[in-house]
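Protein chains: 2
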Amino acid sequence: MDNSGQSKTDRQVKRDQAFLPQPANGICGRLGDKWTVQVIWRLSLAEDRKLRFSHLKRDIEGITQRMLTLTLRGLERDGFVRRHYFPEVPPRVEYELTELGAGILVSLQGLNFWIRDNFSRIEENRRIYDEAGE
Amino acid sequence: MDNSGQSKTDRQVKRDQAFLPQPANGICGRLGDKWTVQVIWRLSLAEDRKLRFSHLKRDIEGITQRMLTLTLRGLERDGFVRRHYFPEVPPRVEYELTELGAGILVSLQGLNFWIRDNFSRIEENRRIYDEAGE
DNA sequence: CAGAATCCGTGATGATACTG
DNA sequence: CAGTATCATCACGGATTCTG
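These protein sequence lines are chains U and Z, in that order. When we follow full-length UniProt numbering, the leftmost residue of the first sequence carries the number 1, and every step to the right adds one. When we follow full-length UniProt numbering, the leftmost residue of the second sequence carries the number 1, and every step to the right adds one.
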């Protein structure tokens, strides 16, 4: 990058703008878990950003009923999704991505693109590293 | 897969650009842990992007020797940092952030800003949710 | 100084069974 | 269908000790 001849002022700006020590601890806590991003992502793909519980369950490969429930509860608590309960028989529950929840996906675009563009190199690095160790 | 009814073009574009199903699992795996981002961040702030082991240890509050070692090993394996060993007495080891490692910080800027701007609202949501539950 | 090795508690996750 | 309730597991991280 352009860090040649970096001044203290730049450094200070960098410190203030770049990374907040505490908040981004493990990337905001919840985002680091196994399913949250997947759930948000799936909801964002749905038209009107709503999906039923069972739909999510089917879409997200490998997730258990329990973990989907827990993940959705966490997202609801943070205000990332809204829960719509329809007291029918059988019951129907829809989860809707809020503006807040949609916003975080946008903020993740940069990281997502970066991963897409660099993941193969990372895998290559790992291969080399592991090979050298044996 | 059933795509019946939906605009496949939109959906397809969205799928390709938005989120890669697997790779971003819990955000690229390693990034979700407790210390990795902190370590990268600290290194990025250092001039010439190098710091000694002990320096990192002092800067990152709460990290143990063990976790710093493990985190650095992981980063080295991925090619995010380079390890420079100086066989002196006492030994000195410096860790240098690579271009790859620096790049991921940039890609995290968006998320970082978003968290900074929205974390208070999230906390408020949690407060409300928890209160309603009691 | 920069680690390696070991033990251990805890939280996150998984598997299974039951229910309104 | 959309959960809840239990139990089992397992990786992550912390604390401690030892060493070249």
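The C-beta atom is built at its ideal place from N, Cα and C for all residues, glycine as well. Predicted model, so just to flag it, every value in this text is computed and none were measured.
Beta-bridge partners of Z:R83, as assigned by DSSP: Z:Y95
Within 10 Å of its beta-carbon, does Z:R77 have 16 or more other beta-carbons around it, so buried, or fewer, so exposed? Around the beta carbon of Z:R77, 16 or more other beta carbons lie within 10 angstroms, which makes this residue buried.
Determine the direct distance from the alpha carbon of Z:R83 to that of Z:P21, and round the result to whole angstroms. Residue placement at Z:P21 cannot be trusted, given a pLDDT of 42 that sits under 50; the coordinates are not used to answer.
Does U:R121 come within less than 9 angstroms of chain Z when only Cβ atoms are used? Between U:R121 and chain Z, the shortest Cβ-Cβ separation is below 9 angstroms.
Where Z:K34 falls: helix, strand or coil (DSSP): coil
Residues within the segment 73-102 of chain Z neighbouring chain U, beta-carbon criterion of under 8 angstroms: So the list reads E76, R77, D78, G79, L100, A102, given in the order they occur along the chain.
Can you name the residues of chain Z whose CB is closer than 9 angstroms to the CB of U:I104? Within chain Z, L111, W114, I115, N118 have C-beta atoms less than 9 angstroms from the C-beta of U:I104, given in sequence order.
Closer than 9 angstroms to chain U by CB, Z:L108: yes
Other residues of its chain near U:L43: CB distance less than 8 angstroms, five sequence neighbours each side excluded: R49, K50, L51, L56, V81, Y95, E96, L97, G101
Among Z:D33, Z:K34, Z:I40, which one has its Cα closest to the Cα of Z:S107? Z:I40
Return the chain-ordered list of same chain residues with a C-beta closer than 7 angstroms to the C-beta of Z:L105, the five sequence neighbours on each side being excluded. Within the same chain, Cβ atoms closer than 7 angstroms to the Cβ of Z:L105 are found at I40, W41, S44, the five residues on either side in sequence being excluded.
Reference U:Y129; option with closest CA among Z:I122, Z:V93, Z:G74, Z:E88: Z:G74
CB contact below 9 angstroms: Z:R126 versus chain U: yes
With 9 angstroms set as the bound, which would you pick, yes or no: does the beta-carbon of U:C48 sit closer than that to a beta-carbon of chain Z? Strictly speaking, residue 48 of chain U in this sequence is Asp, with Cys absent from that position. By this cut-off, U:D48 is not an interface position.
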